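Residue numbers (the numbering used here), protein chains in the order written: chain A, 1 to 291; chain B, 1001 to 1090.
Worksheet: one structure, shown below.
Encoded structure:
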């Protein structure tokens, strides 16, 4: 039987194309235009060519912010992924306790970003905050507003508190989808708990873990609100990540040209990483389908 | 459109990208491409190779600006060679 060719689907896709054009493509084109020009009074533009790109790529400011950003993403992935798996493994499998755990674990995810920043800002304060007060009473000289290490530790703790739940919930869903036949076979073989995890659970979690790594990496790479509310990028520039630096440049200094060039480079890095993750995910899906 | 701060070079750049996308669409209709696995070990179609070429070219241009003082059009030559390699072997 000959297959009917129907092009009407293109018309159905048109609203999405228009929406993406207005929300993404046109603003992106504007950013590209701005990145090659200098602006005065906000609306007088002068062509400067590649000057902003050259200036930014040779400035320590961009590389320092990128370094801090990569380090932050690396640290939180290193903590959140194993911790999320561990929590998922420890959660009850069924019954009312499982439902209660799910609700409690999902709670941090429901809190808006700026509220999380505010909670931790108060929580960590050495004069009135519970965490700050306890640490000082224990003999630590903790002050996230003045000490770079304390600021980093607090920002990381805040992100771990906010987002480990996501990894835990994804891992839990992955664990629940493993057929019980695998566990029965492991029991017959008298496999240890570690072997069950290493040879059954971890391989079966591969798909959801890649999604978790992708989501957490992208989100941490674009983090802005929480550290901005908590530390404002300080002390000094200690917690000035890429997006904080970008906003300082675009809104604080109103340097639209350099900020546009910065945005485009930031976007390209995110696009590259997303593409790599996407490709890996697709190839894993194909491998699993073949199996 | 004034708020978008258009210039001739950027308008030409976007027109070139749009023309390339249209050409790829026409090519796909006339000569549909089939997936193949190249040197990167991933399955790619013609559109994927085009995307990799564009993304790689952006980074080649940035590296050129950041590392060298040579004229930028030489970077375009490198990009063309890169795109040829991607379409041939990826």
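Heads up, the beta-carbon is just placed ideally off N, CA and C, and yes, glycines get one too.
These numbers come from a predicted model, not from an experiment.
Using a C-beta cutoff of 9 Å, does residue i count as contacting chain A?
| i | result |
| --- | --- |
| residue 1051 of chain B | yes |
| residue 1087 of chain B | no |
| residue 1009 of chain B | yes |
| residue 1055 of chain B | yes |
| residue 1013 of chain B | yes |
| residue 1038 of chain B | no |
| residue 1047 of chain B | no |
Name the chain A residues whose beta carbon is nearer than 7 Å to that of residue i?
| i | result |
| --- | --- |
| residue 1004 of chain B | 29, 30 and 33 |
| residue 1058 of chain B | 268 |
In chain B, which residues lie less than 8 Å from residue i when you measure between Cβ atoms?
| i | result |
| --- | --- |
| residue 221 of chain A | Going along chain B, no residue has its Cβ under 8 Å from residue 221 of chain A, so there is no contact; the nearest lies around 17 Å. |
| residue 37 of chain A | 1005 and 1007 |
Can you name, in chain order, every residue of its own chain whose Cβ lies under 7 Å from the Cβ of residue i, other than the five neighbours on each side?
| i | result |
| --- | --- |
| residue 244 of chain A | 224, 227, 228 and 233 |
| residue 168 of chain A | 84, 87, 88 and 105 |
| residue 69 of chain A | 221, 241 and 242 |
| residue 191 of chain A | none |
Under a CB-based cut-off of 9 Å, is residue i close to chain B?
| i | result |
| --- | --- |
| residue 144 of chain A | no |
| residue 277 of chain A | no |
| residue 271 of chain A | yes |
| residue 50 of chain A | yes |
| residue 194 of chain A | no |
| residue 210 of chain A | no |
| residue 147 of chain A | no |
| residue 290 of chain A | no |
| residue 43 of chain A | yes |
| residue 187 of chain A | no |
| residue 93 of chain A | no |
| residue 286 of chain A | yes |
| residue 75 of chain A | no |
| residue 26 of chain A | yes |
Below 8 Å on C-beta distance, what does residue i contact in chain A?
| i | result |
| --- | --- |
| residue 1062 of chain B | 53, 57, 265 and 268 |
| residue 1065 of chain B | 50, 53, 54 and 57 |
Let me confirm a value: residue i is counted as buried when at least 16 other C-beta atoms fall within 10 Å, else exposed. Which label applies?
| i | result |
| --- | --- |
| residue 242 of chain A | buried |
| residue 278 of chain A | exposed |
| residue 288 of chain A | exposed |
| residue 72 of chain A | buried |
| residue 7 of chain A | exposed |
| residue 124 of chain A | buried |
| residue 1001 of chain B | exposed |
| residue 120 of chain A | buried |
| residue 1079 of chain B | buried |
| residue 284 of chain A | exposed |
| residue 150 of chain A | buried |
| residue 1065 of chain B | buried |
Spatial neighbours of residue i within its chain, please: CB distance less than 6 Å, with the 5 preceding and 5 following residues excluded, ordered by chain position.
| i | result |
| --- | --- |
| residue 38 of chain A | 46, 48 and 257 |
| residue 255 of chain A | 249 |
| residue 1020 of chain B | none |
| residue 371 of chain A | Because chain A in this structure spans residues 1 to 291, residue 371 of chain A falls outside the shown range and cannot be described. |
| residue 208 of chain A | 170 and 174 |
| residue 1040 of chain B | 1090 |
Could you tell me which chain B residues have their CB closer than 9 Å to the CB of residue i, listed as they occur along the chain?
| i | result |
| --- | --- |
| residue 121 of chain A | Those within 9 Å of residue 121 of chain A in chain B number zero; the least Cβ separation is about 36 Å. |
| residue 96 of chain A | In chain order: nothing, as chain B lies at least about 46 Å away. |
If you drop the 5 nearest sequence neighbours on each side, which residues of the same chain put their C-beta closer than 8 Å to that of residue i?
| i | result |
| --- | --- |
| residue 1003 of chain B | none |
| residue 107 of chain A | 165 |
| residue 205 of chain A | 85, 171, 174 and 175 |
| residue 76 of chain A | 156, 159, 160, 163, 216 and 220 |
| residue 1038 of chain B | 1044, 1089 and 1090 |
| residue 26 of chain A | none |
| residue 93 of chain A | 176 |
| residue 1024 of chain B | 1046, 1047 and 1050 |
| residue 153 of chain A | 144 |
Along chain B, in chain order, which residues have C-beta atoms closer than 7 Å to that of residue i?
| i | result |
| --- | --- |
| residue 283 of chain A | 1042 |
| residue 47 of chain A | 1007 |
Please check if any C-beta of chain E sits within less than 9 Å of the C-beta of residue i.
| i | result |
| --- | --- |
| residue 11 of chain A | The structure shown has no chain E; the protein chains it does contain are A and B. |
Taking 8 Å as the cut-off, does the stretch 138-151 of chain A touch the stretch 49-68 of chain A (at least 3 CB pairs, one atom from each stretch)? no
Given 8 Å as the limit, is there contact between the stretch 110-119 of chain A and the stretch 187-200 of chain A, that is, 3 or more CB pairs closer than that? no
Flag this pair as touching only if the stretch 124-142 of chain A and the stretch 176-195 of chain A have three or more C-beta atom pairs under 8 Å; answer yes or no. no
Between the stretch 266-274 of chain A and the stretch 1053-1070 of chain B, do three or more beta carbon pairs fall short of 8 Å? yes
Contact between the stretch 247-261 of chain A and the stretch 49-56 of chain A (3+ Cβ pairs under 8 Å): yes
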